[in-house]
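Numbering (this note's numbering), first residue to last: 7 to 379.
Yeah, the Cβ is synthetic: ideal placement off N, Cα and C, and Gly gets one too.
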Amino acid sequence: MFPRLSANPMLEERTGDKVVVPPPTGRPYPVITASRSQLAQTMHAHGLAGGRCFVVTDDNVAELYGAEIETSLTDGDFEVSMQIVQPGEAAKDLEIVSDLYRWAFAEGVDRSTPVVALGGGVIGDLTGFFAATVLRGVPLVHVPTTLVAQVDSSIGGKTGVNHVSGKNLIGSFYRPTFTLADTEMLGTLPDVEWRNGLSEVLKHALIRDAVFYEWLRSNWSDVTSRSSALVPELVSRAMSIKIDVVAQDEFEGGLRRILNFGHTFGHAIERIAGFGTIGHGAAVALGMRAACWLSADRGRSVPLTEVDAMLRDLTPSRLPRMPVDWLLQSMRRDKKRIGDTLHLILLESVGRAEIVTDATDSELRAALDFALS
Ligand code: NAD
Ligand code: GLY
């Protein structure tokens with residue numbers, strides 16, 4: 007048995023397995039940890055009456071859970087229409103959004119038709135953008151099925167698709183009516199997807215929660231092997247960190263930028279390696295290796311050897327050739343820069359992030375050399 011962590015003091019609105027995201031202004035929405043069998047009743051409880059209901063998912067998730075979700079919604083008085091897209095990043099495309107519009111209009115969408123995003127972050131981002139824009143917005147329900155989606159992408163309202171000019175460049179902030187995460191669904195995830203999600207989990211701990219970091223460190227081999235006894239606690243703690251951050255800064259004016267820890271290095275690595283060559287989670291883990299090294303090099307109190315050993319478990323053992331000059335150039339072009347200034351997230355210590363704007367090329371080079379070593 008794994009000890010439960012004490013309640014996260016930053017979150018006061020936790021009731022049972024429901025945590026409410028209280029944005030700085032406007033409507034709060036709950037993030038609920040519950041069985042998928044509760045979906046229809048949770049929709050009713052949140053004012054989504056029976057009738058037409060759309061579900062968007064991908065082939066893999068449809069195969070595993072499509073029929074079950076459809077039956078449970080139908081039993082709950084919903085008339086389900088399901089659209090299944092190809093799995094993977096390529097589905098985050100305006101052409102696919104356009105296909106979804108065609109389907110929705112043919113099926114008689116109206117402003118009250120709920121749309122359920124059943125899948126990983128790709129489905130959540132794509133479906134969220136579709137729900138935000140069709141008829142200027144219909145109710146959105148996230149049912150995240152990957153670790154990345156449960157602890158990160160289904161919380162905080164970022165939706166969007168990719169563009170030939172870059173990843174996630176088209177999108178909007180759009181709040182779901184609620185997010186319902188069933189941690190049991192993580193049992194069918196391929197190992198590589200579990201590790202992708204662990205990158206985000208470890209990121210959350212490193213930037214915001216030293217107690218959680220210590221829990222992860224001391225249970226690391228059970229964490230990486232996905233011991234079922236600790237999954238609910240891991241998800242709930244990682245979720246609560248994301249909720250805490252976005253509740254304070256929904257639109258990424260300041261604090262939310264700390265969620266980009268490892269991402270400026272990671273995006274450059276993904277881009278230069280060739281999208282799809284290194285998974286996003288693995289690229290972020292490499293990026294966090296670089297960021298931790300630089301934090302330690304600047305004299306911050308980061309236990310580099312210990313953290314780096316965990317991060318190495320989340321990165322591939324063989325990497326494609328990535329010239330550091332190209333990586334550097336790509337980082338300087340990152341969309342998170344403001345004007346000519348690169349806002350880099352480093353650690354002050356485990357559990358405390360800082361934003362620095364004065365990283366020099368020689369520091370970035372050395373950090374990249376370390377991460378790729
Ligand atoms: P994904 O959605 O591509 O899912 C990964 C793979 O797992 C897919 O092949 C999928 O079919 C499969 N899968 C999903 N659930 C499964 C299950 N329960 N069992 C078996 N297989 C399952 O990838 P992801 O890592 O979930 O999400 C990555 C995307 O999320 C990226 O596009 C990224 O930009 C986005 N993202 C968005 C935010 C945000 O705040 N909106 C945050 C982080 C990431
Ligand atoms: N995953 C980064 C963010 O939600 O801001």
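- Look at S118 here: in three-state DSSP terms it is coil, with no helix or strand label.
- Distance from the CA atom of S78 to the CA atom of W332, rounded to whole angstroms, is 50 Å.
- Along the segment 42 to 128, the beta strand (DSSP E) occurs as fully enclosed runs of 3 or more residues at 57 to 64, 84 to 91, 121 to 125, listed in sequence order.
- According to DSSP, E360 shares a beta bridge with L352.
- For G172, the enclosing beta strand (DSSP E) covers residues 172 to 179.
- Listed as beta-bridge partners of V154 by DSSP are no residues whatsoever.
- Distance from the CA of S301 to the CA of V308, rounded to the nearest whole angstrom, comes to 7 Å.
- Taking E276 as the centre and dropping the five residues before and after it, the same chain places the C-beta of I284, H286, A289 closer than 7 Å to its C-beta, in chain order.
- Sequence-distant partners of V149 (beyond 5 residues in either direction) whose C-beta falls short of 7 Å from its own C-beta, in its chain, are R42, L45, V122, A123, L124, L186.
- Assigned with DSSP and collapsed to three states, T139 falls in helix.
- When the beta-carbon positions are compared, L212 and V362 stay at least 9 Å from each other.
- Comparing alpha carbon positions, the residue from S104, G94, S118 closest to G57 is S118.
- Per DSSP, reduced to three states, the secondary structure at L186 is strand.
- A check of alpha carbon separations from Y35 across G162, L141, Y71, A112 identifies G162 as the nearest.
- Looking at the DSSP output, H148 sits in a beta bridge with A123, T185.
- Listed as beta-bridge partners of H169 by DSSP are G172.
- Residue side-chain check: K164 places its Cβ nearer than 8 Å to a non-hydrogen atom of the ligand NAD.
- With fewer than 16 other CB atoms across the displayed protein chains lying within 10 angstroms of its CB, D346 is exposed.
- Secondary structure of T347 (DSSP, three-state): strand.
- Judged by the Cβ position, Y107 fails to qualify as a neighbour of the ligand NAD at the 8 Å threshold, every heavy atom of the ligand being at least this far.
- Taking the Cα positions, R306 is about 28 Å away from F257.
- Here L348 is not near F267, since their CB atoms are 9 Å or more apart.
- Relative to the ligand GLY, even the nearest heavy atom lies 8 Å or more away from the CB of D314.
- Residue side-chain check: S160 keeps its Cβ at 8 Å or more from all non-hydrogen atoms of the ligand GLY.
- Relative to the ligand NAD, even the nearest heavy atom lies 8 Å or more away from the CB of N266.
- For I249, there is no enclosing beta strand (DSSP E); the enclosing alpha helix (DSSP H) has its first and last residue at 237 to 254.
- Non-local C-beta neighbours of M49 in its own chain, meaning closer than 6 Å and more than five positions away in sequence, are absent.
- Assignment of alpha helix (DSSP H) within the segment 288 to 338, counting only whole runs of 4 or more residues, yields 310 to 318, 330 to 338 in chain order.
- With respect to the 9 Å criterion, G72 and V128 are not classified as neighbours on the basis of their beta carbons.
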